[in-house]
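Below is one structure; the comments refer to it alone.
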Amino acid sequence: MKSISLYEEKNSTLNHLDSGCKMLYMVAAILVPALIGNKWANVAVIILSVFLLAISKVLRKTVPVLSVSGIVILTIVIIQGMFRAGNTTVVLQLGPAAFYKEGLLYSLGIALNVFNILLAICVLIFTTKPSDMVENFIEKGFSPRLGYVFISIFQIIPQMMETMNTITDAQRSRGMETEGSLLVRIKAFLPLISPVVMSSLVDTKERAIALEVRGFNAKTKKTFLNERKVTTTDKIINLLLIAAVLASVAWRVKLWLG
Amino acid sequence: MARIEVNHLKYRYPHTENLALDGVSFQIEPGEFIGIIGKNGSGKSTLCQAFTGLIPNFYRGAYGGNVKIGEINVRDVEVDELCQKVGIVFQNPFNQITGSKLTVYDEIAFGLENLGLSRKEMIRRIDDALEQLDITRFRDRNPFDLSGGQMQRMAIASIIAMNPEIIILDEPTSQLDPQGSEEVFKAVQRLSQKGITIIMVEHKMEKIAAYSDRVMLLDEGKMIDFDTPQKIFSRDDLLEHGVLPPAFTRIGRGLDRKNAATGEYPVTLKEAKEALEGMAV
Amino acid sequence: MMGRLEIRDLHFSYTENEEILKGIDLVLDQQSTAIIGQNGAGKTTFVKLLKGLLQPTSGKIVYNGTDLSSMTVAQIAKHIGMVFQNPNDQIFKNSVIDEVMFGPMQVGMSKEEAKVHAMDALEMVGMEKKCKVNPYDLGLSERKLISIAAILAMDPEVIIFDEPTIAQDYAGKKCIGEIVEHLRNQGKLVLTIIHDMDFVAEHFDRAVVFAKGGVLLDGNPEKVFSRAEILEKAFLEQPNVTRLCHALGYEETFLTTDDFVEYKKGQ
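Protein chains in written order, with my numbering: chain X, 1 to 258; chain G, 1001 to 1281; chain W, 2001 to 2267.
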């Protein structure tokens, strides 16, 4: 059974960093360039994120994320580059299509922002065990039930996929076609989805009972097996990140006043 | 240690007409190994859930009589309070995995975290439970990557770690292969030897006969009999109640070989061997 | 028509480094055959290949002279039926009769024809009186019988059961045992994957032991169950009666309590 969790234990520096610290990094990496409002700030933070992902040996895992969003960004670049209101300066002429400087710069801004946000999220998600993150939230008063749903989904969904495969096999064994034209697929929908829903209901009920008898609804304050270690390094990084955010707020305020 | 006392227990599931349990009364002494048998729908699983308070506190429905674990009336306490006294293991090992933990070790910790135990106590109990169920070597595996027998032993370890005095097992081996079943039976027997009260529902009569101190026969929500395996399996009306006696008892009956001292048919391989060895080969 | 399956040097793997089936050679014909073995021995993979749900990595399966790889899953379904372990994996109609008629209509029977076959199949499993009931209102044992009837109604020549006795009580097992024998007497080829050795000893003509992706033992149950040491290596047990007779020092292998009692009485 495969987990669909994006996290992978690589024993890297970032793996060992406290989850709170990485969450703070994500927030700071998004806020600081936004507050400064300068493309170069974005570029700098992107480089930093790429560097962090690289030393954590998870840079490759960003490829699917970046390529999917890359396609979206590309369409934005084309549309804005050609048709944005206020386009005046042609920089590139490809046959009948003319690309304008204003539109391209505008879409470059969007692209940098999107990539920056995605990479910052990747730094957190790819290097942090989901349960560490959720336990951190629960300690701060987040609902343990919601926390459970959030973490378990990574393992329960693959289990449901497995059930789905068995059901597909069972119905194909009765002569049902599942591949082919749209009509064939529509016809196959009900025989597949009804057993899936029923078996998920049964599984969910059984699991709810199994959780119940392990004290899931106990009113006692939960404790955690895995100790959350906030080291001096974590604290220093946290302080630096907060300082960076405050500094950029100050910068923004100064711009307004000045 | 707690004694179990069930008095005139009646129960009906919500939106149903028939009683799932119909006036059941009995006592179970601490440390006993009890087998529960009966056809499908006879009330075995319902009774299991009544010991843990899931009935009526989780299922609701109409409830009469009472179930007492020591001084506690299960109806009056929350399921999570009772789970430290009475643990339950179900048929399907997959659906007992929380899905929120990445290793066997962390999986067993789930219940202990909910109880708010200290880290030191958790580690002590988890190490002990892994040892008792003989799964220490799988501690860092993903729970979903275990075989059925290993998964079921992990489920039992998760319950054992919560330190219950009574463990209920509702058909724990029906989904396992012969080797997996054997692993589970052996593990349960070890727990029984440590003095934990075991209540087990099982269709494999040979196993029930071999391990149980007493066997309870249920049919249509009523308790038909509750006695030693030899007495229960020597009954003439077992088939009418939908239960096939162990192969050894059927042979003893077919050849009319009883234990000379007790006048009962053999129920285990060992007893059958003794009863038959006198006969010419 | 009779069903005959010829399996020649069958190999299968999901990934390159781990072979699940390592060269199976078998001929399956007019006998009820039980495939036994530990979980992970390759039994499920094997029957999925017989149903065309998976394709062999090498080797082939020939059904009555035709290579299975030249047939679609739907075409195979006409000839080879399979009852899955959990009836909830297939039931989706609101009435028993509609559920049982679904398969026959998928493989090209007319509505009338499907109805006749469905009623026959329901009769064989003893559920003809419940044909208008919603399957979800039935207990698990009865749902299992519905799922069996749903396959029988398609009138395949080969019927495969996957763990038919799981979660069944005495009455359920007895009923399924009778169905197996009835089908066999009709000349169908009955195959099953199963862990219940007593059930195999009682109802099957042949037992094939799978271990680590190959066939370890093959023959009638007397022969297979007499090999206690080999079975133990494959993590399997002898049937209870066989174990007792071995413990008593008998040379013969007894498969059922009745056989043994008869034998003793005859002495």
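Think of the CB as a built atom: it goes at the ideal place given N, C-alpha and C, for glycine as much as any other residue.
G/L1047 is not a Cβ neighbour of G/I1037, given a cutoff of 8 angstroms. X/M198 sits close to W/N2088, with the two beta carbons spaced by under 8 angstroms. Residues of the same chain with a CB within less than 7 angstroms of the CB of W/K2022, apart from the 5 flanking positions on each side, are H2011, G2213 and G2214 in chain order.
According to the DSSP assignment, G/A1209 belongs to the alpha helix (DSSP H) that extends over M1205 to Y1211. 8 angstroms or more divides the Cβ of X/K187 from the Cβ of X/D18. Within 10 angstroms of the beta-carbon of X/A98 lie fewer than 16 other beta-carbons, which makes it exposed. Nearest in C-alpha terms to G/S1100, of all of X/V32, X/A210 and X/I151, is X/I151. Taking a contact as a CB-CB distance under 8 angstroms, the pair G/N1057 and G/N1066 does not count as one, their CB atoms being some 13 angstroms apart. Membership of G/I1196 in any alpha helix (DSSP H) is not indicated, and neither H nor E is assigned to it by DSSP.
Here the alpha carbon of X/L66 sits roughly 10 angstroms from the alpha carbon of X/R60. Residue G/F1248 holds the alpha-carbon nearest to the alpha-carbon of G/S1234 among G/G1221, G/F1248, G/M1223 and G/K1222. The beta-bridge partner set that DSSP reports for G/K1010 consists of G/D1022 and G/G1064. Under the 8 angstroms criterion on CB atoms, X/S56 is classed as non-interfacial with respect to chain G. The three-state reading of DSSP puts W/L2248 in coil, since its state is none of H, G, I, E or B. In this structure, the CA atom of X/S69 is about 27 angstroms from the CA atom of X/S12. Counting only Cβ-Cβ distances below 7 angstroms, G/N1114 has contacts in chain X at R214, G215, F216, A218 and K222, in chain order.
Scanning chain X for C-beta atoms nearer than 9 angstroms to the C-beta of W/A2150 yields R174, reported in chain order. Nearest to G/E1032 by alpha-carbon distance, out of G/Q1084, G/I1135 and G/L1191, is G/L1191. About 14 angstroms separates the CB atoms of W/I2036 and W/I2166; that is not less than 8 angstroms, and the two are not in contact. Within its own chain, the residues whose Cβ lies closer than 7 angstroms to the Cβ of W/S2226, once the five positions on either side in sequence are excluded, are T2253, listed in chain order. The C-beta distance from W/Q2085 to W/D2162 rounds to 5 angstroms, short enough to fall under 8 angstroms. Taking a Cβ-Cβ threshold of 7 angstroms, none of the residues of chain G is close to W/A2211; the smallest such distance is about 12 angstroms. For the 8 angstroms CB-CB criterion, W/Q2168 and W/I2160 do not form a contact.
For G/S1147, the neighbours in chain W by C-beta distance under 8 angstroms run, in chain order, N2039 and G2040. X/A85 counts as exposed, since fewer than 16 other beta carbons sit within 10 angstroms of its beta carbon.
Annotation: the stretch 2143-2177 of chain W contains the following complete segments of the beta strand (DSSP E) (minimum length 3 residues), in chain order: 2158-2162. Secondary-structure assignment with DSSP links X/R84 through no beta bridge to anything. The residue among W/D2198, W/Y2170, W/T2066 and W/R2206 with its C-alpha nearest the C-alpha of G/V1243 is W/Y2170. Ranked by Cα distance from G/L1019, the first of G/F1110, G/A1260, G/G1263 and G/G1221 is G/G1221. DSSP, read as helix, strand or coil, puts W/G2103 in helix.
With contacts defined by Cβ atoms closer than 8 angstroms, W/A2207 and W/T2242 do not form a contacting pair. The beta carbon of X/Q171 sits closer than 8 angstroms to some beta carbon of chain W. For G/T1098, same chain residues with a beta-carbon under 6 angstroms away, outside a window of 5 residues either side, are F1110 in chain order.
Nearest CB-CB separation between X/V202 and chain W: below the 8 angstroms threshold.
Rounded to the nearest angstrom, the gap between the Cα atoms of G/L1115 and W/T2015 is 43 angstroms. Interface residue (Cβ-Cβ distance to chain X less than 8 angstroms): G/R1153 is not classified as such.
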